[in-house]
Amino acid sequence: MLLLVLSLTFSALSSADDRAVSSLGRIEPHNGVLRLAGPSGGGGIGGIAVIKTLDVEEGDWVEAGQVVATLDNFEVRKAQVARLEAIVENAENELKRQSNLSTTAATSQSRLDSAEMDLAVARAELLAARAELDMARVRAPISGQVIKIHTYPGERVESDGILELAKTDRMYAVAEVYETDIARVREGQPATVMAPALAEPLTGTVERIALQVGRMDVLGTDPIAKTDARVVEVFILLDDSPAVAQLTNMQVEVVIGN
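Sequential numbering of the sequence shown, starting at 91, is according to the working numbering.
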């Protein structure tokens with residue numbers, strides 16, 4: 091009799107654990123959205139970064155290291171590099187001349203040392219100038235899609251940055267699961283994602299469960315919903331990323347499990 095009671099109790103608990111978990115969530119690209127700011131310290135003329143040319147449009151896919159914009163101080167820094175390249179060339183020729191003279195004792199060691207020092211200084215200045223020139227070209231730090239442009243040619247780079255990049259080839263539904271339900275969620279579980287903007291529900295798999303509890307960010311239309319609810323974020327890799335590649339931050343309803 092006791093074994094029968096224990097068996098029934100275990101079956102009831104197992105059924106409870108197998109219940110589907112429903113929650114609100116949002117659509118998000120892999121690793122979120124990256125905001126591409128201007129160079130540190132301004133980087134432009136007078137320390138103010140202004141866009142001269144923009145080489146991408148919203149929706150474009152860029153590769154890591156690709157130039158996406160050029161600042162208005164590019165030509166000034168390019169001319170500085172050309173000037174220093176000429177100085178380095180002259181310093182190299184002078185060092186060569188002094189070295190040849192030293193073989194015939196027609197010059198002093200101090201002049202030879204001075205020529206070597208002048209060349210070292212010129213090369214260091216050229217290296218710094220080339221680094222500054224490279225900073226005048228803004229490059230994409232990751233491969234991804236341009237989902238928002240904040241600054242256009244002729245405009246100053248403000249706190250919003252130049253543009254936003256996202257890996258939209260790998261999209262997620264981030265479900266905000268109540269902390270009281272999170273014990274029923276496991277990695278590898280199937281999930282269904284729904285929203286009015288979707289032609290049909292999307293499927294996905296629980297890939298990761300956050301390691302901390304936070305407050306709910308996604309608010310539904312229910313006026314009596316708990317806006318201060320404690321939730322755990324559950325990251326669901328979607329099977330059809332292209333279907334939501336242009337819908338970052340869209341609110342969705344998520345059902346995890348059977």
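Using N, Cα and C, we set each Cβ at its ideal position, and we do this for glycine too.
On a predicted model such as this, the values are computed, not experimentally measured, just so you know.
{"Check": "Residues near F325 by beta carbon distance below 7 Å, same chain, minus five either side", "Outcome": "Y262, V264, E297, R298"}
{"Check": "Cross-strand partners of G128 (DSSP beta bridge)", "Outcome": "None; G128 has no bridge partner."}
{"Check": "Residue of E215, I346, A219, R213 minimising C-alpha distance to Y268", "Outcome": "I346"}
{"Check": "Close beta carbons around L337, own chain, < 7 Å, minus the five adjacent residues each side", "Outcome": "I117, A287"}
{"Check": "Assigned exposure category for A154 - 16 Cβ within 10 Å defines buried", "Outcome": "exposed"}
{"Check": "Distance between A226 and E184 (C-alpha atoms, nearest Å)", "Outcome": "32 Å"}
{"Check": "N121, DSSP secondary structure in three states", "Outcome": "strand"}
{"Check": "Cutoff 6 Å; reference D330; Cβ partners in own chain excluding five residues on either side", "Outcome": "L292"}
{"Check": "Check whether D162 and V236 have beta carbons under 9 Å apart", "Outcome": "no"}
{"Check": "C-alpha gap between T160 and H120, whole angstroms", "Outcome": "27 Å"}
{"Check": "Residues that DSSP places opposite Q341 in a beta bridge", "Outcome": "R116"}
{"Check": "Sequence ranges, beta strand (DSSP E) only - wholly within the segment 266-297, length at least 3", "Outcome": "280-284"}
{"Check": "Distance CB(G62)-CB(Q341) smaller than 9 Å", "Outcome": "Nothing can be reported for residue 62: it is not among the residues displayed for the chain, which extend from 91 to 348."}
{"Check": "Exposed unless 16 or more other CB atoms sit within 10 angstroms - verdict on Q188", "Outcome": "buried"}
{"Check": "Option nearest S249 by Cα separation, candidates R125, A181, P243, R276", "Outcome": "R125"}
{"Check": "The ligand MG heavy atom lying under 8 Å from the CB of N190", "Outcome": "Within the structure as shown, the ligand MG is missing, as the structure has no ligands at all."}
{"Check": "Counterpart residues of F325 in DSSP-defined beta bridges", "Outcome": "V264, R298"}
{"Check": "Continuous beta strand (DSSP E) assignments of at least 3 residues falling wholly in the segment 156-207", "Outcome": "157-161"}
{"Check": "T270 classed as buried or exposed, judged by whether at least 16 other C-beta atoms fall within 10 angstroms", "Outcome": "exposed"}
{"Check": "Between the CA atoms of I232 and A285 - distance to the nearest angstrom", "Outcome": "30 Å"}
{"Check": "Residue closest to A139, alpha-carbon to alpha-carbon, out of V146, G244, N190, G294", "Outcome": "G244"}
{"Check": "Contact under 9 Å by Cβ, V344 with T282", "Outcome": "yes"}
{"Check": "S198, buried or exposed, once every other Cβ within 10 Å from all chains shown has been counted against 16", "Outcome": "exposed"}
{"Check": "Cutoff 6 Å; reference G234; Cβ partners in own chain excluding five residues on either side", "Outcome": "L255, A256, K257"}
{"Check": "I141, buried or exposed, once every other Cβ within 10 Å from all chains shown has been counted against 16", "Outcome": "buried"}
{"Check": "Sheet register partners of K238 (DSSP bridge)", "Outcome": "E254"}
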